[in-house]
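One structure is given below, encoded as C-alpha cells.
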Amino acid sequence: RPYYHSIFSIIDPVITEPLELEYLQAGCHEAGHESLIYDGSVSSRKFARVLRSFKPDVVGITGYITARDIMLSALAAVKEVNPDTVTVVGGVHAELNQADFYYPQVDHIVHSGGVHSFIALLSTLENAQEPVITGLASQTATGTFTSFAARPLEVATLPLPDRSHFLANRHRYKYMHYGPAALVKTAWGCPFSCNFCYCTELNGGKYLARPMEQVISEIGGVPNDLIWIIDDTFLVSRKRVESFIRHLRAQKIHKRFIIYSRADFIVANQDLLAPLKEVGVIDVIVGLEAVNDRELTAWNKENTAMENERCVEYLREANINITALFMMDVDAKVQDFRDLERWIERMGIEVFTLSVFLPIPGTGAFNAYQERLTTTDISRWDFLHLVLKPKHLPVWRFYYEMYRLYARMLVRTPKNLLFAVPWLDRRVKGIEKYGKN
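Residues -1 to 435 in the numbering used here are what the sequence shown spells out, letter by letter.
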C-alpha cells in the first residue's frame, strides 16, 4: 500500500491497519507462499529498497481512487527493478474502474472475488498455466486487456487476516485520539441506495454478511483493545445486532468498538443503545449528510431531518460519542453553510467531517455530472476538493465557508485540538518517491 499525501498528511488523524493486505497475506500463508506487507503509510524504508531485498515474484497493490497514479508509478518502479515480476492491482477503485489500470506495467487486475481470485492467480502462475480466472482482468501478449467474468465474494470462507504486520507496527496506527484501532469487517456491500454513494455499487450491488459466530471468534482473537468495525453500515439488522450483543456477553469479550450506522436505525432501535454501550461501543460514525429534508431527499437517504436530530439526542442520552458525517452540495449557498453551522452548534456535535459532493467514477452520479467536471486530476477526488463548478458561489468562497466550519469546530471544542497534533515519531513528508534509492 503506497503512501498517499493529502491535506491531512501532516496531522494524519487516522492511519488504518492494511486489512485488505492482511487478508491476502493470510491467503498466501494458507497456500504456502512467502509474503511481505509493505505499507508506505508507516514504513521508514523506501519501496525500491524493499523490492531489491525481498525480490518478490508477484507484487500486489491496493489503494483508493486518489492513489491511482501513485499506484501506477509504484508498479512502473517494480518493472524497472525486475521486468519479470508479475504485478497485480486490487482494491475498491479497481473493482468498478478496472480500465483505469490498463497500463503496460500492470499484468492483472482483481475486479471481484478478493483474496480467492488472488490466490487462484498465484496457483496458475506457480504451475506455469495461462491465467484465465474469473474475477480478473489480464494483460494479453499484445498489450491489450481481457476481462473475465465476475467472481462472487465468498464471505463465509475468507481466511482470518494475518495481523502480524499490524501488531509489529501497532504504535504507528491510530484512529484520532483513541489510539491504535484493529479493523474488522463483518459484511461487504450496502443494502441501501443513496445516489451519491460508491459503496452501494461494490460487490455487484449485493450485501453479504459473515456469520456472527465467525465475527465474534475473530474479534475475541484480536490482541487489541480497540476494534473499528468498518462495514459501510454495521447497524443494519436488529436481529444481527442482538446476536452481536449476545455473543459478546456470552463469551465475556471486553473491548471498545467504533461502528458505522444510519440515523434511522438508531431512532427505530433506541432500546439497543444501552446494551451496545454495555458491550463496549464508544463511538458511532453516522452519515447524517444534511440537516434538511430537501437535501436528504435529493441524496435518496430515505430518512428525515427529524430522525437526524433524534439520532444525535439518543446517542447522547446513551453516553455514546457520535462522529457526524456531512456532505455539502456544490450548488450550496452561503446560507446552507450557515444553517449547517447553527445545526451543529445547536445539537452540540463535537466531532464531524464535512465532505464536498463529487461524483465518483463507477456510479450513476458520475455519468449524470460528467459534463460539469472541471478537472481530470484524480488526486482531487478526496472529498475535500471541488471537481464540479459551484453554481452559486465562487470557488474561493466555497472553500472559505467549508474550512471556516472546521476552524470553528477546533475553537469551540478544545479536545479536537488533539486531532491536530501529529505523533512525534511521524516525519513530515510529501508523496512517496519510488526511485532507485
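From the three backbone atoms N, C-alpha and C, an ideal C-beta is built for every residue, glycine too. Note that the structure is predicted; figures quoted are calculated from it, not measured.
Helix or strand or just coil, what does DSSP make of residue i?
i    : result
R260 : coil
N508 : Outside the shown range of the chain (-1 to 435) lies residue 508, about which nothing can therefore be said.
I68  : helix
H27  : helix
Y404 : helix
S51  : helix
E18  : helix
P11  : coil
S39  : coil
T132 : coil
L384 : coil
I376 : helix
R410 : helix
R203 : Residue identity differs from the one stated: residue 203 is Gly in this sequence, not Arg. Helix.
I63  : helix
R395 : helix
R170 : helix
Q137 : strand
A185 : strand
F232 : coil
F45  : helix
F99  : helix
Within the same chain, show all residues whose beta-carbon is closer than 6 Å to that of residue i, passing over the 5 residues directly before and after it, in chain order.
i    : result
P359 : N95
S7   : Residue confidence is low: S7 scores 48 on pLDDT, short of 50, so the model does not pin down where it sits. No coordinate-derived value is stated.
V113 : Y21, L22 and G25
W297 : C192, F194 and E287
V328 : F355, L386 and P388
Y220 : The question names Tyr, but residue 220 is Val in the sequence shown. Once the five neighbours on either side are set aside, the close Cβ partners of V220 are A180.
S162 : none
Pick out whichever of the options has its Cα sitting closest to the Cα of residue i.
i    : options                   : result
V108 : L134, A75, S121 and T142  : L134
A154 : T351, T184, A180 and R336 : T184
S51  : I68, V79 and D67          : V79
M304 : D291, F99, Y258 and I283  : D291
V441 : C197, E199, Q249 and F190 : Look at the range of the chain in this structure, -1 to 435, and you will see that residue 441 is not part of it.
H245 : S259, M210 and E276       : M210
Y171 : I13, L408, L403 and W341  : I13
C188 : V182, Y196 and L181       : Y196
Q333 : S259, R395 and F190       : R395
K237 : N267, N222 and R247       : N267
A179 : R66, D281, L34 and L323   : D281
Q103 : A118, V84, E93 and V220   : V84
E293 : A330, T321, S41 and T140  : A330
G111 : E152, A139 and S71        : E152
Under DSSP, the alpha helix (DSSP H) around residue i begins and ends at which residues?
i    : result
H114 : V113 to E124
Q333 : V332 to M345
F143 : Element bounds for F143: not the alpha helix (DSSP H) but the beta strand (DSSP E), F143 to S145.
A303 : A303 to E315
E211 : M210 to G219
L271 : L271 to E276
S353 : First-last for S353: V349 to V354, but that is the beta strand (DSSP E), not the alpha helix (DSSP H).
Locate the beta strand (DSSP E) running through residue i, then write down its first and last residues.
i    : result
M325 : N319 to M326
G88  : V84 to G88
L246 : No beta strand (DSSP E) contains L246, which is instead part of the alpha helix (DSSP H) from R236 to A248.
A180 : A180 to V182
D291 : Unbroken run through D291 is the alpha helix (DSSP H), D291 to A296; no beta strand (DSSP E).
L165 : Here L165 belongs to no beta strand (DSSP E); instead the alpha helix (DSSP H) covers S162 to A166.
D105 : Taken as a continuous stretch (DSSP letters only), D105 belongs to no beta strand (DSSP E), as it is neither H nor E.
L439 : This structure cannot settle anything about residue 439, because the visible part of the chain is limited to -1 through 435.
L371 : No beta strand (DSSP E) contains L371, which DSSP labels as neither H nor E.
L224 : L224 to I227
Note down, in chain order, each residue of its chain lying with its Cβ closer than 7 Å to the Cβ of residue i, except the 5 sequence neighbours on either side.
i    : result
P158 : Checking the sequence, you will find Leu at residue 158 rather than Pro. A24 and E216.
V265 : E305, R308, C309 and Y312
P100 : As written in the sequence, residue 100 is Tyr, which differs from the Pro given in the question. Correct list, in chain order: F143.
V289 : A303, N306, D337, L338 and W341
E28  : P157
K434 : In this prediction, K434 scores a pLDDT of 36, lower than 50, which makes its location untrustworthy; no coordinate-derived value is stated.
G58  : L22, V86, G88 and F116
L17  : P159, L181 and K183
D375 : none
R66  : H91, D98 and I376
Which residues in the same chain have their Cβ closer than 8 Å to the Cβ of residue i, if we skip the five residues on either side of it in sequence?
i    : result
Y397 : L384
E32  : C26
L352 : F324, M325, M326, L338, M400, L403 and Y404
H252 : G278
Y258 : I227, I228, D229, D230, T231, F232, L233, V282, I283, V284 and G285
G362 : N193
Against chain B, with Cβ distances strictly below 8 Å, would residue i count as a contact?
i    : result
L271 : The structure shown contains no chain B; it holds only a single protein chain.
task: Determine, using beta-carbon pairs with one atom in the region 239 to 258 and one in the region 198 to 207, whether at least three such pairs fall under 8 Å.
output: Contact between the region 239 to 258 and the region 198 to 207 is absent: fewer than three C-beta pairs spanning the two stretches fall below 8 Å.
- prompt: At a cut of 8 Å, does the region 368 to 375 reach the region 314 to 323 through at least three beta carbon pairs?
  reply: Not touching, per the Cβ criterion.
- request: Check whether the region 69 to 79 touches the region 336 to 351, taking contact to mean three or more Cβ pairs, one atom from each stretch, closer than 8 Å.
  value: Verdict: no, contact absent.
- prompt: Are three or more beta carbon pairs between the region 122 to 132 and the region 162 to 169 nearer than 8 Å?
  reply: Not touching, per the Cβ criterion.
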